[in-house]
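Q: Residue numbers (the working numbering): 13 to 203. Note that beta-carbon positions come from the ideal geometry of N, C-alpha and C, so glycine has one too. The structure displayed is predicted, hence computed values, not measured ones.
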C-alpha cells in the first residue's frame, strides 16, 4: 500500500498522469480512465477516445527502433479517419534513449518523421514513479491477459472500441507488421 501511495505521489509530482475522478470511473472503460499531459503540457482525458481503437506505444528518440515512428505515422495516416488513435508516450526508462525535454521530443518527431498522431508528455513506464496508465497496462490485477513489465521502447498495446486491451506487441514487432495490421483492421471493423 505504501509503495502505491509513493508511486502515485511521484507520478502526480511529475504532472504527466493522474488518477481518474469518481465521475470518470463510473462511465469510462478502465484503460481510458486517466488524465495525462500532452507533449505541449495540456491535460488530456483519455476518456475522449471512448469508442475508438487505441494503440498505446512507449517511444524513444535515440533507440534502434526509433524508425518505427514512421510506420506509426503511416498507420495514423491510413486509419485515423476509420477510428484509430495512436498515442505515443515518451519514456527514458531503457538505455536512457529519451533524454530530451518534451519540446525537444516534439521537435524531433515533427522534423524527422512528420508525426501528427497524439504525443504525450514524457513519463515513467517501468519501475519507481511508473505512470498510472502503465501500472494499469502491466498489472496482473487490471490486465491479466497482457500483464508484465514493459521490456523496451516501442512496446504496443491495442485497445478495442469497448475499451478492452486486446493485443500486446513486443517492441521488435513493427507497427506495419501483418499481425499488427490485421489486429487493427479487425478492431476497426467492429462498430
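Cα separation between residue 54 and residue 97?
A: Here the question's residue 54 lines up with position 42 in the chain shown. Here the question's residue 97 lines up with position 85 in the chain shown. If you take the alpha carbons of residue 54 and residue 97, they lie about 18 Å apart.
Q: Which complete alpha helix (DSSP H) runs does the stretch 134 to 183 hold, if anything under 4 residues is left out?
A: As far as the stretch 134 to 183 is concerned, its whole alpha helix (DSSP H) runs of at least 4 residues are 144 to 150.
Q: Should residue 89 be labelled buried (16 or more other beta-carbon atoms within 10 Å of its own) or exposed?
A: Numbered from 1 along the chain shown, position 77 holds the residue referred to as residue 89. Exposed.
Q: Should residue 195 be labelled buried (16 or more other beta-carbon atoms within 10 Å of its own) or exposed?
A: Here residue 195 corresponds to residue number 183 of the chain shown, with the count starting at 1. Residue 195 should be labelled buried.
Q: Hey, would you say residue 103 sits closer than 8 Å to residue 187, going by beta carbons?
A: Residue 103 sits at position 91 when you count from the first residue of the chain shown. Residue 187 sits at position 175 when you count from the first residue of the chain shown. It is not a contact, given that the beta carbons lie outside the stated cut-off.
Q: Which term fits residue 191, buried or exposed, when burial requires 16 or more other beta carbons within 10 angstroms of its beta carbon?
A: Looking up residue 191 in the chain shown gives position 179. Exposed.
Q: Okay, do the stretch 37 to 47 and the stretch 172 to 189 touch, 3+ Cβ pairs below 8 Å being the bar?
A: Flag = yes, the stretch 37 to 47 and the stretch 172 to 189 touch.
Q: What residues are listed by DSSP as bridge partners for residue 85?
A: On the chain shown, residue 85 is found 73 positions in, with the first residue counted as 1. None, per the DSSP bridge assignment.
Q: Which residues mark the beginning and the end of the alpha helix (DSSP H) in which residue 102 is found?
A: As a first step, residue 102 is located in the chain shown; it is residue number 90 there, counting from the start. That residue, residue 102, is in no alpha helix (DSSP H); its beta strand (DSSP E) goes 96 to 102.
Q: Rounded to a whole number of angstroms, what is the C-alpha to C-alpha distance between residue 160 and residue 153?
A: Numbered from 1 along the chain shown, position 148 holds the residue referred to as residue 160. Numbered from 1 along the chain shown, position 141 holds the residue referred to as residue 153. In a straight line, the C-alpha of residue 160 is about 11 Å away from that of residue 153.
Q: Could you tell me the alpha carbon to alpha carbon distance between residue 113 and residue 132, rounded to whole angstroms?
A: The count along the chain shown starts at 1 and reaches residue 113 at position 101. The count along the chain shown starts at 1 and reaches residue 132 at position 120. So the two alpha carbons sit approximately 12 Å from each other.
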